Amino acid sequence: MSGFNHPSAVVFDLNDTLISGGERGLRDALSRAAARDLGVDPEAFAGAVRDSFDARCRGALGDLYETYSRLAEGLGAHPDPAAVRTAVARRLHFERGRLIPSPQVLEALDRLRGKGYRLGLISDCSAETPAIWHETALAERFDVAVFSWERGVRKPDPSLYLAAAAALGVAAQDCLYVGDGASDELAGAERVGMRALRLEFEVVDAATQADRCELYGARAWDGPAVEDVGELAALLGAPRSPSDPMPVPGR
5 MSGFNHPSAV
15 VFDLNDTLIS
25 GGERGLRDAL
35 SRAAARDLGV
45 DPEAFAGAVR
55 DSFDARCRGA
65 LGDLYETYSR
75 LAEGLGAHPD
85 PAAVRTAVAR
95 RLHFERGRLI
105 PSPQVLEALD
115 RLRGKGYRLG
125 LISDCSAETP
135 AIWHETALAE
145 RFDVAVFSWE
155 RGVRKPDPSL
165 YLAAAAALGV
175 AAQDCLYVGD
185 GASDELAGAE
195 RVGMRALRLE
205 FEVVDAATQA
215 DRCELYGARA
225 WDGPAVEDVG
235 ELAALLGAPR
245 SPSDPMPVPG
255 R
């Protein structure tokens with residue numbers, strides 16, 4: 005992608021952009037294990053977790069302890085607090101492992117920071133991600149992290165993009181948004197004035213792609229794209245001044 009122009013700040017999506025969002029089979033296995041902790045039917049609980057994705061990402065079910073308690077109660081169980089804490093600990097342990105980025109991703113983020121870019125993150129996520137975000141190697145590389153669970157809305161809600169830009173101290177039009185395209189996030193970024201670029205963490209099979217579309221929505225995008233974050237770090241030179249005009253990237 006030649007002729008790409010430099011923003012003042014770069015705002016990233018998290019899942020399936022910087023790290024894997026995880027396969028449905030793995031997520032369901034984790035839910036079934038939690039169900040056994042909670043004393044509910046494993047398959048029913050896995051289905052309840054899947055079906056509550058939108059509500060969980062908007063924070064409507066509370067923190068992870070409250071979420072597991074409510075979902076179990078919805079299936080007729082009343083787990084004791086110790087059982088809920090065990091299930092929560094299991095989920096957080098999994099999330100800590102999932103939020104370990106590759107060395108290549110960390111190197112690319114460090115390159116961008118070394119060039120002077122301010123980095124932001126916007127993620128559609130449930131309670132467990134913000135709960136342990138501060139523990140991760142990613143957290144120290146971002147100036148700003150905006151989580152749907154904390155804001156009560158999901159992408160492409162304009163308030164998420166505008167909150168990230170404001171916290172970075174730049175206008176939306178001075179930001180480049182980078183994501184895999186789920187939840188109409190790239191078009192959403194453009195609607196608030198950001199430039200947008202598609203970057204997908206990994207190539208997946210048709211079943212996994214269908215699962216992700218079910219969770220996050222379609223990923224249609226005909227704009228600029230790169231294959232990995234290292235390519236992006238190599239393409240971008242020094243950040244431009246926010247006062248400079250930002251031309252449209254080559255398509």
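Going by this note's numbering, the first residue of the sequence shown is number 5, and it counts up by one from there.
For glycine and all other residues, C-beta sits at the position ideal for the given N, C-alpha and C.
These numbers were taken from a predicted model, which means no experiment stands behind them.
Review point. Alpha helix (DSSP H) containing F57: first to last residue?
Key: 57-61
Point to revise | Cα-Cα separation, L180 to Y121 | key: 11 Å
Practice item. Report the rounded CA-to-CA distance for R94 versus G234, giving the unit in angstroms. Key: 33 Å
Check your understanding: Can you list, in chain order, the residues of its chain whose CB lies under 6 Å from that of V88, leaving out five sequence neighbours each side?
Key -> Y69, Y72, S73
Check your understanding: DSSP three-state call for V233: helix, strand or coil?
Key -> helix
Exercise for review: Check the DSSP bridge columns for G183 and list the partner residues they point to.
Suggested key: R202
Practice item. Output the distance between the C-alpha atoms of P243 and T90, rounded to the nearest integer angstrom. Key: 46 Å
Exercise for review: Just the C-alpha distance for G241 and D147, rounded to the nearest angstrom, thanks.
Suggested key: 19 Å
Point to revise | L203 beta carbon less than 8 Å from that of A229 | key: yes
Check your understanding: When you compare only the Cα positions, how much space is there between Q177 and D188?
Key -> 18 Å
Check your understanding: Anyone know if the C-beta pair for L96 and V44 falls short of 8 Å?
Key -> no
Point to revise | A4 versus G66: straight-line alpha-carbon distance, rounded | key: Residue coverage of the chain in this structure runs from 5 to 255, which leaves residue 4 outside it and unanswerable.
Point to revise | Neighbourhood of E194 by C-beta, 7 Å cutoff - its chain only, sequence neighbours within 5 removed | key: A200
Exercise for review: Could you please give me the residues that DSSP links to R122 through a beta bridge?
Suggested key: A13
Review point. Among the residues of its own chain, which have a CB less than 6 Å from the CB of N19, if the five just before and after it don't count?
Key: G25
Exercise for review: For the alpha helix (DSSP H) holding V88, just list the boundary residues, first then last.
Suggested key: 85-102
Review point. Can you name, in chain order, every residue of its own chain whose Cβ lies under 7 Å from the Cβ of A169, other than the five neighbours on each side?
Key: A175, A176, C179
Review point. Is V196 closer than 8 Å to V14 when the C-beta atoms are compared?
Key: no
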